[in-house]
Each structure stands twice: as structure tokens, then as C-alpha cells.
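K.L.:
Count along the sequence shown from 1, add 382, and you get the number used in this note's numbering.
Glycine included, C-beta positions come from ideal geometry on N, C-alpha and C.
Starting off with a structure, shown below.
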Amino acid sequence: MRLILLGPPGAGKGTQAKMLAEKFSIPQISTGDILRKAVNLDSELGRQAKAYMGDGQLVPDEIAIELIREKIKEEDCAQGFILDGFPRTIVQAEKLGETLKEMKLEIDAVIDFEVDPHELIVRLTGRRSCSNCGAMFHDETRPPATAGVCDHCGHELYQRPDDNKETILKRLEVYDSETMPLKEFYRKRGNLKTLEGRGTVDEIFSQVCALVS
Ligand code: AMP
């Protein structure tokens, strides 16, 4: 199964992508996670991406496209994959389409997560992630048993540097102008499935599974 999770920052794509990856035994490919790792390693890619990410801007299309082209050709993607945070522009979607065509593959579904913008700001400002396993928590709605410590692996939780109010507003603006048009792009191709991003994580997961089964 090959899925695209489309939606604004804070819509819950990452959480649902991890759950889908486990259920279907296929990898979650998050361009944001790949780029954050590169920034932490201070690699060439990380140095190129850092300023864009810190400002809430998208990294240039060529960088994101190249990452995905390499990744989806890897062996662990042979049975499918879940794209989380890619594509984010029409150019990226077109290039992805070309790459998949060359590989004689298709996207099965594009799941569109719709969430009220005010709710997104609350979610993002309180969000905490595990520095080791990537599990997500929230100060108010999903606090860990011990403050600052991951329930799953005991490592330290951190707040993403771009999860501050100013950068969040920029990211939401960029989403509206650059990524929102992808809904129409995929709707025209007949594989957009819209999800009302309300309910508990498990309730949303049931809705996602119903859409892809
Ligand atoms: P995310 O973790 O998906 O919220 O992504 C964090 C940041 O990484 C974004 O604000 C962008 O700066 C960058 N990024 C992630 N995916 C892409 C993409 N497909 N195209 C361009 N920039 C991206």
C-alpha cells in the first residue's frame, strides 16, 4: 500500500503514519524527520535545510524531491510506504508522479487531514517529542507519566525549535499557500480521501483504516 498523508502541521499525520506503518508493516517516510536528523548531524543536507526550517519555510523542492526519490527506491519500500509531509508543493507532487510512473507504481490513497487552525496552534505549542523513538506527547492533552520523559523508552522529551508561536503561524501560512492546492490536484486524480481530524488518536486511526481498506 502506498499512501500520502496530507494536512497542516499539527494535524496528527506523524502519529497516524507511525500507527499505519506498524499495522501494515511498511515504512513511514517523513521528510521533516529526515531533515531534522540531518540538521542534528550537521551534514551537508542539514546545513542546507536548517535556515529554511527555522524560519518555517519549505526547503527547496529539489532537496525534498531528491530525498524521496532515493528513499522510495530502497528495498524496505518494496511493499509500500506512507509519505508523511511530502509532497508539499505542486512541483513535488508532479515529480513524485513521474518517479512512480517510471517505477510502474501508483499511490493508492491521499488522506487529507482537516483540522481547525486554532486547534492546530494549541496542539503545536504544547507538543513534545521523544528524542529517541519519536513518540509524541502533549503538555495538556497527552502528558507523559513523568514530566519530560518518554513513556515508551524513557528518553528525554524535547520541543521542536519550530514549534513556537511565530514559526507555527508562518508554517500554517506556507501550508495554505503552497500545500493546500494539492487537495485539488489529488481530488482531480480521484484519490483524495478527506478525514475529519476529530476524536481520540485511536478513533482517528479507525477512520483512517476505514478509508484505506
Ligand atoms: P514537518 O516535520 O513535516 O513539519 O517538517 C518540518 C520542516 O521541514 C518544514 O517546516 C520544512 O521546512 C521542512 N520540510 C519537511 N518536508 C518538506 C517538504 N516536502 N518540502 C519542503 N520542506 C519540507
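Just to confirm the assignment, what range does the alpha helix (DSSP H) spanning residue 520 have?
P.N.:
Counting along the chain, no alpha helix (DSSP H) covers residue 520; the unbroken beta strand (DSSP E) around it starts and ends at 518–520.
K.L.:
Quick one: using the 10 Å Cβ neighbour count with 16 as the cut-off for buried, is residue 545 buried or exposed?
P.N.:
buried
K.L.:
Can you pull the DSSP bridge partners for residue 410?
P.N.:
464
K.L.:
Assuming residue 443 contacts residue 471 under a Cβ cut-off of 8 Å, what Cβ separation, rounded to an integer in Å, is found between them?
P.N.:
Yes, they are in contact, since the Cβ atoms of residue 443 and residue 471 sit about 6 Å apart, within 8 Å.
K.L.:
Give me, in chain order, the residues of the same chain whose beta-carbon lies closer than 7 Å to that of residue 408; leave out the 5 immediate sequence neighbours on both sides.
P.N.:
383, 461, 462, 463 and 464
K.L.:
Verify the contact flag: residue 468, CB atom, against every heavy atom of the ligand AMP, threshold strictly below 7 Å.
P.N.:
yes
K.L.:
I'd like to check one pair, residue 519 with residue 551: are the Cβ atoms closer than 8 Å?
P.N.:
no
K.L.:
I'd like to check one pair, residue 446 with residue 474: are the Cβ atoms closer than 8 Å?
P.N.:
yes
K.L.:
Under 8 Å between the Cβ atoms of residue 391 and residue 577?
P.N.:
no
K.L.:
Under the rule that 16 or more other beta-carbon atoms within 10 Å means buried, what is residue 536, buried or exposed?
P.N.:
exposed
K.L.:
For residue 524 and residue 436, what's the separation of their Cα atoms in angstroms?
P.N.:
25 Å
K.L.:
How is residue 542 classed by DSSP in three states: helix, strand or coil?
P.N.:
coil
K.L.:
Less than 7 Å separating the Cβ of residue 441 from some heavy atom of the ligand AMP?
P.N.:
yes
K.L.:
Using a 10 Å radius around the Cβ and a threshold of 16 neighbouring Cβ atoms, would you call residue 583 buried or exposed?
P.N.:
exposed
K.L.:
Going by the C-beta, is residue 581 closer than 7 Å to any heavy atom of the ligand AMP?
P.N.:
no
K.L.:
State the DSSP-derived secondary structure class of residue 575, mapped to helix, strand or coil.
P.N.:
strand
K.L.:
Using 8 Å as the threshold, is the stretch 495–507 in touch with the stretch 476–484, meaning 3 or more CB pairs across them?
P.N.:
no
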